[in-house]
Structures are given as structure tokens and as C-alpha cells.
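If you're matching positions, the sequence shown starts at 357 in the working numbering and goes up one per residue.
The beta carbon of each residue, even a glycine, is placed where N, CA and C say it ideally should be.
One structure below.
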Amino acid sequence: MLRANPGLADLGPVLPHGTPVMLPEITQAPSRAPTVQLWD
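Listed below in C-alpha cells is the structure:
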């Protein structure tokens, strides 16, 4: 997100109204960690 929008982090946690934000394409689904069961 920040790579596609240089300077975005400098604007702070709340963006000013009308600030354009580019949303990059998601190329791969996030991997999930295996689930561990403590009891059977």
C-alpha cells in the first residue's frame, strides 16, 4: 500500500478528505498458519 502511494504515511493516521489512494492488485492469497490442537 505504501509502495503504491509514496508520501501517504506522512499525512498521518487520518487522511485529509479527497486524498487519492491507489489500491494495488492482490497477486496471491495470504497463507494461513497450521492450526495446533492441544487435546484430541
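Backbone CA spacing between residue i and residue j [nearest angstrom]
i    : j    : result
I382 : R359 : 13 Å
T375 : V392 : 43 Å
V377 : N361 : 7 Å
V370 : L394 : 42 Å
D366 : H373 : 15 Å
R388 : G363 : 31 Å
Distance between beta carbons of residue j and residue i, contact taken as under 8 Å
i    : j    : result
M357 : P380 : 7 Å
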